[in-house]
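Chemist: Take this structure, written in structure tokens, and hold onto it; I'll ask about it next.
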Amino acid sequence: MQEKLHIYIDESGDTGIKFEKGSSEFFVISIVIVSSKDLSELNKNLEEIRDGLLFKSKEIKFSKILFKHKIIFFKSIRRLNFIAYAFIFNKNFCKQYKYIDYLTQPLKELSLSNNSAESIITIDGKDKKMFSNNDIKMIKNLTRIKTKIIFCDSKKSILIQLSDMLAGLIHAVYKNKNGYFETLNLLQHKIKITFLR
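Position 85 (the sequence shown) corresponds to 99 in the numbering used here; numbering is contiguous.
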């Protein structure tokens with residue numbers, strides 16, 4: 015029986031280009047992929063990690079938790095069953111990009127397995143307003159397999175929260191924030207990083 019691929023997408027940074035007014039130089043898209051057979055266990059493991067950090071039933075968000083909690087979180091996920099892709103855009107070369115452009119280019123780069131019957135893509139619900147019906151159709155066509163797209167409140171999806179944490183970590187590395195490069199090295203076997211323009 016063919017498996018479903020569950021795909022969770024979030025980002026770090028902003029799409030603005032007013033760098034002199036604080037727009038980020040880099041924009042990061044993080045994509046977490048997990049097979050249907052591993053989904054339940056991964057959800058359970060992530061919730062246990064979250065609860066162990068005293069965030070029971072609360073959202074884990076990179077921008078809002080302490081550095082020490084981030085390090086514990088990243089060390090704890092090293093052996094969990096998922097793979098992740100991160101796509102980094104230098105916005106100096108992407109000045110005409112809209113949000114949908116940042117999302118479709120990574121999906122073009124991904125090669126979804128033909129052994130999968132379908133994929134379910136979950137995107138943070140806060141971004142829903144940026145998608146037209148044509149955008150959604152375009153995303154479905156890019157995946158090359160039957161695809162369902164869901165917009166979900168990140169507070170209700172621990173896997174969107176995982177994607178947020180990974181995007182935040184990689185963005186912090188590219189902003190040269192202290193302490194994060196070593197942390198990313200711990201996860202180099204879990205994340206494939208691609209630099210796009």
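Positions of the beta carbon are idealized from the N, C-alpha and C atoms, including for glycine.
When we look at the beta-carbon of isoleucine 164 and count the other beta-carbons within 10 Å, is it buried (16 or more) or exposed?
Modeler: It counts as exposed.
Chemist: For asparagine 104, which beta-bridge partners are listed by DSSP?
Modeler: Per DSSP, Phe40.
Chemist: So for isoleucine 31, helix, strand or coil by DSSP?
Modeler: In this structure, isoleucine 31 counts as coil in the three-state DSSP scheme.
Chemist: Assess, as a yes-or-no matter, whether the segment 97–109 is touched by the segment 198–207 under the definition of 3 or more beta carbon pairs within less than 8 Å.
Modeler: Flag = yes, the segment 198–207 and the segment 97–109 touch.
Chemist: Using beta-carbon positions only, say whether serine 44 and aspartate 24 come within less than 9 Å of one another.
Modeler: Yes, these two residues count as a Cβ contact at 9 Å.
Chemist: What's the C-alpha gap between tyrosine 116 and phenylalanine 107?
Modeler: Taking the straight line from one Cα to the other gives about 12 Å.
Chemist: Should lysine 58 be labelled buried (16 or more other beta-carbon atoms within 10 Å of its own) or exposed?
Modeler: Exposed is the call here.
Chemist: Evaluate asparagine 128 with the Cβ neighbour count: other Cβ atoms within 10 Å of its Cβ, from every protein chain shown; 16 or more gives buried, anything less gives exposed.
Modeler: Below a pLDDT of 50, predicted positions are generally treated as unreliable, and asparagine 128, at 49, falls in that range; the measurement from the model is reported next regardless. The residue in question, asparagine 128, is exposed, as its Cβ has fewer than 16 Cβ neighbours within 10 Å.
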